[in-house]
Amino acid sequence: MNNSVINTDIRYSIVGNHSFLGAGSLITDCILKNADEGDPKINLHMVKVLAGKEIVNSGYYILGPAMGNRVKIGSGVIIYPGRVIKSGSIILPDQGYNIIDR
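Heads up, the sequence shown is in this note's numbering, so the first residue is 368 and it goes up one at a time.
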């Protein structure tokens, strides 16, 4: 994360060098599973990731995205768990929020 500017809360993620994450962007790291009302447990789905051309189980319940070098994420962008953002990508919200779900 050399020379990166991070203006949001980020956990369990990889951020490349010379990257920028705008204030108000949401970096998610887990997927909550629907639970029955009154169920005291928080049920999590295992995060899936893209490996080559195949989507595989990561083996982790909590895993943020991996972002390459020189990535710029604008304010209001939501990135789902386990997503990969290629180096040099610039992601800006269209109207309100832009959700990265693939």
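C-beta: ideal position from N, C-alpha, C; glycine also.
Predicted model, so just to flag it, every value in this text is computed and none were measured.
Proximal residues to Ile398 (C-beta, below 7 Å), its chain only, five neighbours per side dropped: Leu411, His412, Val414 and Pro448
DSSP beta-bridge partners of His385: Its beta-bridge partners do not exist; DSSP assigns none.
Span separating the alpha-carbon of Gly443 from that of Ile458: 10 Å
Coarse secondary structure for Ile422, derived from DSSP in three states: strand
Boundaries of the beta strand (DSSP E) in which Val444 is found, first to last residue: Val444 to Ile446
DSSP state of Ile452 mapped onto helix, strand, coil: strand
Bridge partner(s) assigned by DSSP for Ile440: Leu388 and Ile458
CB of Gly431 within 7 Å of CB of Asp468, strictly: no
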